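As numbered in mature numbering (1 follows the signal peptide of the UniProt record, and there is no 0), residues -23 to -1, 1 to 493 make up the sequence shown, in order. Note that the Cβ used here is the ideal one computed from N, Cα and C, for glycine as well. All of these numbers come straight from a predicted model, not from anything done at the bench. Below you'll find the structure, written out as structure tokens, and then a few comments.
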Amino acid sequence: NMAVLLRTITVIALTLSSTAEIAQVTKADARQTAQRPNVILIYADDLGYGDLSCYGSTKVKTPNVDRLASQGLRFKNAYATSATCTPSRYSLLTGEYAWRQKGTGIAPGNASLIIKPGRSTLPGVFKAAGYQTASVGKWHLGLGGPEGPDWNGDLKPGPVEVGFTHSYIMAATGDRVPCVYVENHRVVNLDPKDPIQVDYKQKIGDEPTGRENPDKLKMKPSHGHDMTIVNGISRIGYMTGGKSALWKDEDMADVFTKQAVQFIESTQKNKVAAQPFFLYFATHDIHVPRVPHPRFVGKSGLGARGDALLEFDWEVGEILKTLDRLQLTNNTLVLLSSDNGPVVDDGYQDQAVQKLSGHRPAGPLRGGKYSAFEAGTRVPLLVRWPGKVKPGQSDAPISQIDFLADFAALLGQQYNHTDAPDTENQLNALLGRDPTGRAEIVEHAGTLSIVQGSWKYIDPSDGPAFEKFTSTELGNNPQPQLYNLATDLGEKRNVANQYPARVQQLKQRLQEIRQK
Ligand code: NG6
Ligand code: CA
């Protein structure tokens, strides 16, 4: 690989300290670096299509995200692969639709790693190209082998075994035990004399639970989430031990942001021989429990969900500031997106519903997180690469499934097409050089849908049409559904009966993709 070679030469040149040689090689190196940008993927949790002011929200102001949008490209037709977290992240990192694999649904906090070490991955592509790669924030793809995670020992395989040279994560979600951070293979701040035990089936230890001790809660659950209480919040799952390692929800954004910033800084220690980096910064915001730092509380006027949005925007701002401070802005490609669509009440009484105040988390779209309707998977996507990506907006259909092939193309890397059968090179669309984008988008919720041009077809499903706890229209229907998104973005008029040939064609195409 040319760039690695050039860098090696630079180092040798430095050692020989021949100034002429250094000047020459460094220039070549700089040219090379221009095609090997640092890449930061800011991956929000449950951020909706209507949650950002650059996507039309008037009730919430997100100035830092808006800065990215104004300096970059804003996509109107970008999709996560699935309407929930684990499958979207699985697809994003592997280039394989999660629905092809069993066990890729929403993972409990004690799940085994669901990405097989050794297969091609998005971070693996960067790593093979000589990048330093870090995963900071929410993981939710399991840890450990088939026997599950060893919280008190080495937590592997995990991010490090699938392509990240560094990782500082929470294993699952904020609402699942164990409520601890994991750095590389170890729980952070764990006292070996107070080992962690986790059980998802029955109570373990003497810690109070939300069900038995609601008086001990600072925020009550609305549905589920009534097991072990940690930091005054009851969670999904039971845990005991690990007292010194428990996180404080209020500090989580600060902790992850600090880790992300430190990672960026660490890559710049030796400027001349600096390797480029890939940072996967998966924020906890704006998932439940929404417990932002006190400096954001009450600031949005929309309750905890709005305040968590402001906290997310702050996190983005800190990353952008760091790039400015280290003079990395021009050579860093920043992507911002979400793992699935929005939900308002996702299990805690956090006033998000009562204080919504007319804010529309899904914007003009129907449904939300968990839904086959557009709001389930159509999410914000911003791409900023100064001088390379022309600021503006794009209608090109984009799927996160393609990021693996896109960056392999950018970096001239190969990957295993059997491992990653669904990713395709849409780099030109991602960089705003091709307005066409993907020929078709596959959306995954309870059922599969396909979008081709302005048509969207939702495969019949026996699932419930409505989920009452989260108040979500799931989009399930035992009859085929066909919508014309060009004239009916809100998916209000099912025209399947008027266009039987179109229904047939899309149904068949979806079947082909399924069987690929
Ligand atoms: C659901 C949880 C929800 C959330 C979701 C995962 C209940 C009742 N609901 O099962 O609160 O944790 O899983 O969200 O437990 S995701 O964004 O990580 O997919
Ligand atoms: Ca999510």
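| query | result |
| --- | --- |
| Residue span of the beta strand (DSSP E) that contains D231, given as start and end | It is not in any beta strand (DSSP E) - D231 instead sits in the alpha helix (DSSP H) that spans M229 to T244. |
| Where Y74 falls: helix, strand or coil (DSSP) | coil |
| Own chain, CB closer than 6 Å to V428, minus 5 neighbours either side, in chain order | I418 |
| 8 Å Cβ shell around L194 - same chain, five flanking residues per side excluded | G187, I206, G209, I210 and S211 |
| DSSP-derived helix/strand/coil call for Y20 | strand |
| As assigned by DSSP and simplified to three states, the class of L312 | strand |
| Cβ neighbour criterion (16 or more within 10 Å) applied to A259 | buried |
| Residues proximal to ligand 2 by C-beta, any heavy atom closer than 5 Å | D22, D23, C62, D316 and N317 |
| Any non-hydrogen atom of ligand 1 within 8 Å of I210 CB | no |
| S65 burial status per 10 Å Cβ neighbour count (16 or more: buried) | buried |
| Contact check, V201 vs G82, beta carbons under 9 Å | Note that residue 201 is Gly in the sequence shown here, rather than Val. Their beta carbons are not under 9 Å apart, which means G201 does not touch G82 by this criterion. |
| Simplified DSSP state of R212, which is helix, strand or coil | coil |
| Pick from G340, P134, F446 and S199 that is closest to V159, judged by C-alpha positions | P134 |
| Cut-off 7 Å between Cβ atoms - residues of its own chain near K276, not counting five sequence neighbours on either side | D284 and L287 |
| Rounded separation between N166 and A222 - CA only | 5 Å |
| For Q48 and L312, the rounded distance between their alpha carbons | 12 Å |
| L305 to I241 span [Cα, whole Å] | 10 Å |
| Limits of the beta strand (DSSP E) - the one that V113 falls within | Q109 to K115 |
| Near ligand 1: D323 beta-carbon under 8 Å from a heavy atom | yes |
| Residues bridged to M196 (per DSSP) | I210 |
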